[in-house]
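Residue numbers (the working numbering): 483 to 918.
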C-alpha cells in the first residue's frame, strides 16, 4: 500500500506512523510545511529507511498517489488536500478499528486541563493493582506504537493488556468520529477532567470546541464521569441518559484527593476498586513531567515546571495550589484566549516575569497595567526570564525559609520554543545548572 503521512509533527506521532508502515513493507511518503531542518533528525532516520519526503509544501499529486492518508490531528479537517484522499485515517482510528482491541477495555479521558496526569495516574493505579494497562494518545504516545506492541504480543502468543487508557484532545475526538462514525467502540469509562476556553485560534467559538468533546458522550457509552460544573450541560446532550452520568465530586472519597489525581481516583472507583487499594497504589505515583513538576530545590528556592499550562486557567490552578510565596514566569504566544483567567495568580505572585509573545503583548501586559501590577520583561529567552525570576526569589528568602519560581505560562510556546516540552526542558536545564 501507498501511505501518505500528512503532517509529520514535532512530538513523535508522525514518526511512529511512518515507522509502523515502513516496518510492514509499505511505500511511505511524508508531507509537511516545515523545513527538513525544523523537523530534525527523526526525518533523516525515516529517509534512510526508504521514506520519501516533501517539505515546505503540500502537493495534490501526493494525495492522489496515496491509498491511505494518515492525518495529523493538528491539520484542519477543512484542508482542501483531504478532498483528494481515497481514505483518511488517524493513529487513534487505526487502533480502535483493529479487531485486536475488541477484547480490551478502553478508558477515554478528555478535558482542557488534567488529561495527561489523569491518564498516567489511572494507568499507574491499574498496573499496581495487577490489571495491566497501557496509556497512549495526546500525551505523545502514538496509537501506532501501541498497535505494533499489541500485534507483536499476538504474534508471540503473549497476553494482551486488560486496559487501554487513552488521552484524547478535541481534535483527536473530532477526527475519530469523522473517520469511524458509528464504528467507534464502546468505552468502559469516559471521563471529562475539566472544560475551559481553549484553542479558540482554531475554533470559531467555545461552543464548537465543546461539541467536539461531547462526541465522546454518545449513547453507546454508559459510564460517564463529569465535573459538577458541566453536569447540567452534559445531561442535556441528545441521546444521553441521565443515569449514565456520574458527578466526579459525588464519588466517595474524591473530594478528599489532591485535585490533580481526583479524576483518576474516580475512574478507578467507578471500576469498583476499593479506596484502600487505590490509595496504596497512588503512594508510588510520581506525577508527569511539565505538569506542576518540582524539578529541583537550589539555595532554598523551589523550582516548579508547569510548562504544559498553556491556558490562563491552568496557570491559575497551579499557582493556587503552591504552598510557598512564588515568582511567576508567564506569557507567550496567543491562542485567542483572554488573560483574565489568571488574574488571581498574577495578584498573588510576589513577582511577575513575562516571556515575549503575542499573548503577552496583546493580552497579558494590558491586564497587568489595568490591575496596576508590576512586572519584569518581556524577555526574549528562557535564560533571561529565568535569571530575573531567580534573582527576585533570592531576595524573597530574607522573608521566609522557602520560596518558589513557577514556570506556568498560561499561553502557547510557539515562536520562542519548539513546543511546551522544549520550554519546560530549557527551564529544567537552567535549574540543573545552578550552583548551590
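A virtual CB, placed ideally from N, CA and C, is assigned to each residue, including glycine.
Computed from a prediction, not measured in an experiment: that's the story for all the values here.
Legend entry - Element boundaries [beta strand (DSSP E), containing residue 511]: Looking at the DSSP string, the run of the beta strand (DSSP E) that includes residue 511 is 509-514.
Inset, instruction - With residue 639 as the anchor, note down where its beta strand (DSSP E) starts and where it stops. - result: Note, residue 639: premise wrong, no beta strand (DSSP E); not H, not E.
Legend entry - Contact check, residue 548 vs residue 500, beta carbons under 7 Å: no
Legend entry - CA-to-CA distance, residue 795 to residue 824, given in whole angstroms: Approximately 6 Å, taken between the alpha carbons.
Inset, instruction - Check whether the Cβ atoms of residue 662 and residue 572 sit closer than 7 Å, and answer yes or no. - result: no
Inset, instruction - Mind checking who residue 801 pairs with in its DSSP beta bridge? - result: BP columns for residue 801 are empty, so no partner.
Legend entry - Test item: CB-CB of residue 730 and residue 707 under 7 Å: yes
Legend entry - Touch test, the segment 687-697 against the segment 628-636, Cβ-Cβ under 8 Å, three pairs minimum: no
Inset, instruction - For residue 443, count neighbouring Cβ atoms within 10 angstroms of its own Cβ and tell me buried if that reaches 16, exposed if not. - result: Look at the range of the chain in this structure, 483 to 918, and you will see that residue 443 is not part of it.
Inset, instruction - Compute the Euclidean distance between the alpha carbons of residue 497 and residue 530, then round it to the nearest angstrom. - result: Within the model, the alpha-carbon separation for residue 497 versus residue 530 is close to 13 Å.
Inset, instruction - Return the bridge partner residues of residue 889 from the DSSP annotation. - result: 787 and 811
Inset, instruction - Output the boundary residues of the beta strand (DSSP E) element that contains residue 655. - result: Residue range 652-662 is occupied by the alpha helix (DSSP H) that includes residue 655, with no beta strand (DSSP E) assigned at that position.
Inset, instruction - Would you be able to state if there are at least three C-beta pairs under 8 Å between the segment 901-913 and the segment 857-865? - result: Result yes; three or more Cβ-Cβ pairs closer than 8 Å.
Inset, instruction - Put residue 858 into one of helix, strand or coil per three-state DSSP. - result: Correct three-state label for residue 858: strand.
Inset, instruction - Tell whether a beta-carbon distance below 7 Å holds between residue 513 and residue 597. - result: no
Legend entry - 6 Å Cβ shell around residue 871 - same chain, five flanking residues per side excluded: 809, 811, 835 and 887
Legend entry - Rounded separation between residue 766 and residue 885 - CA only: 26 Å
Inset, instruction - Ignore the nearest five residues each way along the sequence and tell me which others in residue 703's own chain have a CB closer than 7 Å to its CB. - result: 668, 669 and 672
Inset, instruction - Report the residue from 541, 612 and 890 whose alpha carbon sits nearest the alpha carbon of residue 562. - result: Residue 541 holds the alpha-carbon nearest to the alpha-carbon of residue 562 among 541, 612 and 890.
Inset, instruction - Work out the CA separation of residue 488 and residue 705 for me, nearest whole Å. - result: 34 Å
Legend entry - Helix, strand or coil at residue 604 according to DSSP, with G and I counted as helix: Residue 604 falls in the helix class under three-state DSSP.
Inset, instruction - Flag this pair as yes or no: are the beta carbons of residue 719 and residue 699 separated by less than 7 Å? - result: yes
Inset, instruction - Compute the Euclidean distance between the alpha carbons of residue 761 and residue 859, then round it to the nearest angstrom. - result: 43 Å
Legend entry - Selected residue, minimal CA-CA separation from residue 611, among 516, 578 and 750: With distances taken between Cα atoms, residue 611 lies closest to 750.
Legend entry - Terminal residues of the beta strand (DSSP E) in which residue 1001 lies: In the structure displayed, the chain extends from 483 to 918; residue 1001 sits before or after that span and is not available.
Inset, instruction - Could you name each continuous beta strand (DSSP E) segment of 3 residues or more that falls completely within the segment 825-886, going from the start of the chain to the end? - result: 833-837 and 858-861
Inset, instruction - Would you be able to state if there are at least three C-beta pairs under 8 Å between the segment 587-595 and the segment 634-652? - result: yes
Inset, instruction - May I ask you to report which of helix, strand or coil DSSP gives residue 737? - result: helix
Inset, instruction - Determine the DSSP secondary structure at residue 587, reduced to helix, strand or coil. - result: strand
Legend entry - Residue range of the unbroken alpha helix (DSSP H) whose run includes residue 908: 902-914
Inset, instruction - Confirm, please, whether the CB-CB distance from residue 527 to residue 518 is below 7 Å. - result: no
Inset, instruction - Pick helix, strand or coil for residue 592, following the three-state DSSP scheme. - result: strand
Inset, instruction - Determine the burial state of residue 511: buried for a count of at least 16 other Cβ atoms within 10 Å of its Cβ, exposed for fewer. - result: buried
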